[in-house]
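Numbering (the UniProt record's numbering), first residue to last: 1 to 115.
A virtual CB, placed ideally from N, CA and C, is assigned to each residue, including glycine.
If you want it as structure tokens, here you go:
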């Protein structure tokens, strides 16, 4: 899940690609996504910089290399209306995308913040 974004433009491209992946998971691939969210596991929805997405366990390294998405998105799945659950996942995913962009931007030095 590593990102090599080193400029403002690269961070924006990374953000946009990950957002596209998450939107695809929550819209076009929603039935497949819903099926992958087994309530027995502690899963996360990852959007990748290549516009692909995956539902998987969180990274085992502690601390993680990058901020992690919301953990356990699947636990509330069966106890909520499907539309409400998807909205909840979308909110958590938006928060993760913003935290990831801020994390990458904070690593830029003064000169790298301007393009």
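By how many angstroms is the C-alpha of residue j removed from the C-alpha of residue i?
{"i": "residue 45", "j": "residue 109", "result": "30 Å"}
{"i": "residue 91", "j": "residue 68", "result": "14 Å"}
{"i": "residue 7", "j": "residue 79", "result": "42 Å"}
{"i": "residue 15", "j": "residue 9", "result": "10 Å"}
{"i": "residue 89", "j": "residue 53", "result": "14 Å"}
{"i": "residue 50", "j": "residue 84", "result": "28 Å"}
{"i": "residue 81", "j": "residue 34", "result": "12 Å"}
{"i": "residue 76", "j": "residue 114", "result": "42 Å"}
{"i": "residue 107", "j": "residue 13", "result": "16 Å"}
{"i": "residue 95", "j": "residue 59", "result": "18 Å"}
{"i": "residue 32", "j": "residue 5", "result": "30 Å"}
{"i": "residue 61", "j": "residue 103", "result": "18 Å"}
{"i": "residue 29", "j": "residue 105", "result": "30 Å"}
How about residue i and residue j: do their beta carbons lie closer than 8 Å?
{"i": "residue 22", "j": "residue 101", "result": "no"}
{"i": "residue 86", "j": "residue 26", "result": "yes"}
{"i": "residue 19", "j": "residue 97", "result": "yes"}
Quick one: what's got a C-beta closer than 7 Å to residue i's C-beta in the same chain, skipping five residues either side?
{"i": "residue 56", "result": "43, 44 and 46"}
{"i": "residue 99", "result": "67"}
{"i": "residue 17", "result": "49, 50 and 51"}
For residue i, I'd like the list of residues in its chain whose CB is within less than 6 Å of its CB, leaving aside the five on either flank, ordered along the chain.
{"i": "residue 146", "result": "Given a span of 1 to 115 for the chain in the structure shown, any question on residue 146 remains unanswerable."}
For residue i, which residues in the same chain have their Cβ closer than 8 Å to its Cβ, ignoring the five residues on either side in sequence?
{"i": "residue 41", "result": "57 and 74"}
{"i": "residue 93", "result": "22, 26, 45, 47, 69 and 70"}
Secondary structure at residue i, three-state DSSP: helix, strand or coil?
{"i": "residue 100", "result": "helix"}
{"i": "residue 114", "result": "coil"}
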